[in-house]
Structure formats: C-alpha cells, structure tokens
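As given, the protein sequences belong to chains C and F, one line each in that order. If you want my numbering, it's the 1-based position in the first sequence plus 102. If you want my numbering, it's the 1-based position in the second sequence plus 8. Glycine residues also receive a C-beta, built at the ideal position from the N, C-alpha and C atoms. Here the structure is a predicted model, which is why all the values come from computation and not from measurement.
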Amino acid sequence: MDLIVEGIKKAFSLIFTLDAEVLGITLLSLTVSGLATLISMFLGISVGTAVALSRFPGRRIVVSLINTGMGLPPVVVGLFVTIFLWRSGPLGFLEILYTPTAIILAQTVIAAPIVTGITLAAIQHLPANLRLQILALGATRVQTVWLLAKEARLPLLAAVMAGFGGVISEVGASIMVGGNIKGYSRVLTTATVMETGRGNFDIAIALSVILMLLVFLVNAVLTQIQQRERPR
Amino acid sequence: MKPETNPDALLRAERLLVHRGGVTVLDIPALDVFEGQVLVLIGPNGAGKSTLLLTLAGLLKPSRGRLLFRGEEIDAAGSGYRRRIAMVFQEPLLFDATVFENVAAGLKIRGRGRAEIGRTVPEYLERFGIGHLARRSARKLSGGEAQRTSLARAFVTKPEIIFLDEPFSSLDPPTREGLTGDLERILRETQTTAIASTHDQTEALRLADRIAVMNGGRIAQIGPVAEVMNRPVDGFVASFVGVETVLPGRVTRVSDGVFTAAVEGGEIEAVGRVRTGEGVLCCIRPEHVTLSTNIPPPGSSARNVFSGRILKIVAIGLFHRIHVDCGFNLVAYVTRQSLESLSLEEGGDVIASFKATAVHVIHRGGPLPAPPC
C-alpha cells in the first residue's frame, strides 16, 4: 500500500516540479497519440462514411475486415509495421523506424479501424432517406457528407475518443517501432513498462497517474464538445 | 416510336426504365408535368410511386431514359437541378437542430446570406403555422409540427417543382386533414408545380389537377381528376379510384344508346357505344347509388332499381359504406342521418337504385366500337 501512496506522491511531485524528462515524455505521448488520432479521424470518418453510403460487390467482406481491424492487437501491428519499416522492408527507404513518426504510423494503423468501424455504424444508423433528403435540398457531395457527419456527431466523437483511448494506452506497437529511446521516442506507456521492469515502482506509478490524468483531460474536453448544449 | 410528350411541359420524362435486381420496377414511356399544376400519383404499395418521384427528382439514376427540365436534359450527378427542386418525404427527416435552423437548411446549402435567411425563414414559418416553434429543437416536435417544418424547409427555397412522397401518411386523420388544407392553400398561393404521391383518395382529390394511377411500375391511367375518377380505363384503375362496384358482364340488348348488360346475378342498364355480345366492365361509384325503403323511389329517373339485403355496414369517417347483396354485390355510401332515418341495419332489406348514366363502362378487350354514322 505504501508503494502506491509513495507512487502517487511521486507523481504529483514530478508534475508540480515540472520534471523535464517526464514533461518531455508526456508531451511526446500527447503529440504522437494526438496526431495518430487526428489522422485516423480523417481517414476513419471518410472511409466509414463512404462504405456506409455505398453499395458495391464485396461490401460485406470490407465491413467484416473493418470490424476485425477494430480489435487489432497492438503487438501484431507493431510487428508488421516494424517489418515494413525495416531497412530491407517495403518502406525501409523512409528510414523512420525507431522514430516518433514510426509510432504515429503504428498508432494510426491501430486507431483508424476503430474510428472507421464506429463511423460506419453511426452513419448506417441514420434514417435511410436522410442522405436523399440532404441531396434534395441541393447539397453537393461534400456538403452531404458534412451534414451526415454533423447528424452523427455524438457517435463520431465517441469514435474519436475510442481511437485516442486505444492508442494513448497501447505499449506493444510503440515499444517495437519506437524503440523506447530516451529523450527521443520514449512515451508514457513504454517508460512505465521500463520502470516497472527495473523495479522503480514509484516512478512507474507516477507515470501511470500522469497517463490516466492525460486520458481523463483529453476525454473531458471531447465529452464537453460532444455534450454541448443542444436546442431545447 | 417516339413517345408522345408535350413541348410545353416543365418536366418531361422519356422512356424511363428503372431495373432493380434484374426486375423492371419502373417503366414510363412518356410523362409530362406542366407548370403550376399538381400531379398526384396514386396506386398500391409497390406500384412504383416513390421510385418515380425519386427518379424525377434526380435522386435515382434511371437504368434508361432521360429527363428534360424546361427543355434541357437533367444532369443528375450535379447539384444544379436539385437546387431548383425540393422534396418532402413521408418521414420529416429533420436535422438535430432548431426548427429555424432546419427551415434555413436549404438556403444555407445554396449559400444564401444571413439577411435573406433572416427575412425569408420567418415568413415561411408563419405560413406553415410554426412561427412560435422557431427556437424549439426539432427532436421535440409532434408528428404534425415536424412535417410542417419539413414542408416549410422545402417551400422556403422557392422550388420550381416540389416532390411530395406520401408526406402525411404517418399522421393521424385530424392532423392530416389540417395539413392537407394548408398544403392545398400554399400550393395555390405560390402556384408551385408539384408531384405528390398518396394512398388517400380524398387527399388526391383535394390537391390534384391531374391524377396518375400507377400499378406494377407503370402508369395505368393519367388525366384530369374528373376523367380518371369517372372514366377509369380498366378494372384496376376503377377499383383503385374508389369505384367500389366493378361488375363484369356481357351486352345483351342495345337500344338508342342505352344497353342492357347481363352481370352475375342480374341485369344493368347503362349508356355507351357497345355491340350486342360484347364483354364490358360496369363501374358504379358508391356515391351514385341511392338507398331507400320504397319501390319505386318516387320521382326517380333511375333505370336500375334492385331490391337487396344489407350484408355489412362500415363506418368510414363522416359517412357509412353499405354493402348490399342485389344478386351481385353493390356498394353505397350514406350519411349517418340517412342510416338512422331509413333504419338501415345489417340483414335488413333495402332498395338500391342508380341511373344508367352513372354506370361507367369499360370495354373488355379490343378498342371502342366505331361511333354510329
């Protein structure tokens, strides 16, 4: 019990003293996962809406693949992204393995199917004729997608939250493609794993508390947007 | 063969075909919609009314054929044509926003300025009697209020043609009655060209300048209201436009334009150009049948008088539908007052009569015989 209390004390001490290393790790985590979520949001909402609104042969298989992608294990993603980015791999020429960019890429692979899957379900859940009604109001295709997304904004923000939650908390892919390099590609989850392995439980607990605070704050902001006052 | 269309038509469909799953769900060789007129499509479920409306509105690409709007072919892929029309569906399909924002949606999509929106939207909110609901969430409206909002959203864009796909079918009768009246008034006031589909015959009669009866993806008959209602071209149209008695028969005698047709269980006198031995359908509208308890009805010119027994009495709104067995089944409408004063009841005897001129005759197979020289 003392270990946990000490850990929490340490966490607040690290936060309030603005420890440079912890601040750097926190900012990198936020940046990497934030960018991955942003990219996933654009990809996921576009692809999810397109699949939801179109009918083509093999659509069910595509939907099944998207749904399967929602449960992709981060270590599997980490493995394949590593292979792709390996010097002799298909994307080896990019030379981004063991960089924050590689973590962003891996986290995008994890988050995009989550956002796509929830978007697909959200758009399909809208009334069948709503798209036709919007078109009949004279909307262009872009306006139609925008208005549909606006109508499904509650589940779409939930999709973004789920995507962010999935990547900020994953460790397998980040450690495999980022390499957990101090001051360069170390993020909160990889640092926590490392400190736990070293037996530095107080620092590991401190990092976990910071991670949870970060998740809480980001989700609180998104929830605020999601639950913004609606017309009475 | 070139389809027969009118060059003055506002909207013209030529050789429209829509296939779905290998089945032809719409087959319209030619259809003209004229400016300022209201065309009402009626027909059973699956007749193709909604498919026709969606195709004409440019929301469904036909498998074949073309649409001309003011003489120019419509480009269904662009938003140009869709910005000149409006459509109202059976469900109001409102956005999760205020009533005002919903009504303003079409104008915003068209990029109209705030000043115009602020000026025009309140005018249409008032026109549809929902001015007091402007700030209310569309999610908190009753069915009637929501459909009024949907109509205001469509009309505020001042469409050149408006498509109405059974807009009141999910509403309760009093609300539907009120909305039909308002729609009728606004269509006349704004002189908006409209194509509406409905199951409700009364609604069709109130709104329509022309009626098209659809069946199996085709237009079975199209024409002015009186023509379609009084001179249906076949048994299907007759039964659908409310001619509740359709009797197949054969002409047995012809004399001075009046003929007698033998129908199952009796004989009917009617007026028409027929030949002895010809097969006919005798159509009698229920409002043309008179019921009484005296024989013969005093002072009546009715040439068809039958005694019969009342099989069934069904209350339908302000009047009653009476099914009478006269050897054949004859349907009549009577008011509640007549029902009471004549003491009509199921199983009771009654005299049914109608004039020979009230019988609409449909020739079964083959064209009309040539008029006498």
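For residue i, the three-state DSSP class (helix, strand or coil)
i                : result
Arg288 (chain C) : coil
Met296 (chain C) : helix
Pro175 (chain F) : coil
Ile327 (chain C) : helix
Met95 (chain F)  : strand
Lys166 (chain F) : coil
His407 (chain C) : Examination of residue 407 (chain C) is not possible in this model, given that chain C is present from 103 through 334 alone.
Gly250 (chain F) : coil
Leu174 (chain C) : coil
Val134 (chain C) : helix
Ser300 (chain F) : strand
Tyr341 (chain F) : strand
Pro435 (chain F) : No statement about residue 435 (chain F) is possible, as the shown extent of chain F runs from 9 to 381 and does not include it.
Ile82 (chain F)  : coil
Ile110 (chain C) : helix
Gln199 (chain F) : coil
Lys252 (chain C) : helix
Phe362 (chain F) : strand
Leu319 (chain F) : strand
Glu272 (chain F) : coil
Arg28 (chain F)  : strand
Met222 (chain F) : strand
Asp16 (chain F)  : coil
Gly88 (chain F)  : coil
Thr106 (chain F) : strand
Gly274 (chain C) : helix
Gln155 (chain F) : helix
Exposed unless 16 or more other CB atoms sit within 10 angstroms - verdict on residue i
i                : result
Pro159 (chain C) : exposed
Val107 (chain C) : exposed
His331 (chain F) : buried
Thr119 (chain C) : exposed
Ala204 (chain C) : buried
Ser115 (chain C) : exposed
Leu129 (chain C) : exposed
Phe176 (chain F) : buried
Leu237 (chain C) : buried
Thr325 (chain C) : exposed
Tyr286 (chain C) : exposed
Glu252 (chain F) : buried
His27 (chain F)  : exposed
Thr356 (chain C) : Nothing can be reported for residue 356 (chain C): it is not among the residues displayed for chain C, which extend from 103 to 334.
Asp3 (chain F)   : This structure cannot settle anything about residue 3 (chain F), because the visible part of chain F is limited to 9 through 381.
Thr268 (chain F) : buried
Amino acids of chain C, ordered along the chain, whose beta-carbon sits closer than 8 angstroms to that of residue i
i                : result
Ala21 (chain F)  : The premise fails here: Ala21 (chain F) is roughly 17 angstroms from chain C at the closest Cβ pair, so nothing lies under 8 angstroms.
Ala269 (chain F) : Ordered by position in chain C, no residue passes the 8 angstroms Cβ test against Ala269 (chain F), which lies about 47 angstroms from the chain.
Phe4 (chain F)   : Since the displayed chain F opens at 9 and closes at 381, residue 4 (chain F) lies outside it and no answer follows.
Leu34 (chain F)  : Near Leu34 (chain F) there are no residues of chain C at all, since even the closest Cβ is about 16 angstroms away, more than 8 angstroms.
Chain C contact for residue i (CB, 8 angstroms cutoff)
i                : result
Gly287 (chain F) : no
Met222 (chain F) : no
Met237 (chain F) : no
Asp83 (chain F)  : no
Asp104 (chain F) : yes
Leu62 (chain F)  : yes
Ala310 (chain F) : no
Ala246 (chain F) : no
Gly374 (chain F) : With a pLDDT of only 44 at Gly374 (chain F), under 50, the local geometry of the prediction cannot be trusted, and the value read off the model is given with reservation. Output row for Gly374 (chain F): interface = no.
Ala204 (chain F) : no
Ala94 (chain F)  : yes
Ala364 (chain F) : no
Pro380 (chain F) : Confidence in Pro380 (chain F) is poor, its pLDDT being 36 and thus under 50, which makes the residue's placement unreliable; the coordinate value appears in the next sentence. For Pro380 (chain F), the answer is no, since every Cβ of chain C falls outside 8 angstroms of its Cβ.
Residues that residue i contacts on chain C, provided the C-beta gap is smaller than 7 angstroms
i                : result
Ser87 (chain F)  : Gly240, Ala241, Thr242
Ala113 (chain F) : Leu239
CB contact check: residue i to chain F, cutoff 8 angstroms
i                : result
Pro229 (chain C) : yes
Leu155 (chain C) : no
Glu253 (chain C) : yes
Leu324 (chain C) : no
Of the residues the options, the one placed nearest residue i, counting alpha carbons only
i                : options                                : result
Val48 (chain F)  : F:Val164, F:Asp16, F:Leu172, F:Ala85   : F:Leu172
Phe103 (chain F) : F:Gly119, F:Thr157, F:Asp180, F:Arg92  : F:Thr157
Lys111 (chain C) : C:Val320, C:Ile312, C:Leu324, C:Thr325 : C:Ile312
Arg330 (chain C) : C:Arg255, C:Val244, C:Asn169           : C:Arg255
Within chain F, partners of residue i - CB distance below 7 angstroms
i                : result
Gln245 (chain C) : Ile117
Leu237 (chain C) : Leu67, Arg90
Leu232 (chain C) : Leu101
Neighbouring residues, chain C, relative to residue i (Cβ below 9 angstroms)
i                : result
Gly355 (chain F) : Those within 9 angstroms of Gly355 (chain F) in chain C number zero; the least Cβ separation is about 48 angstroms.
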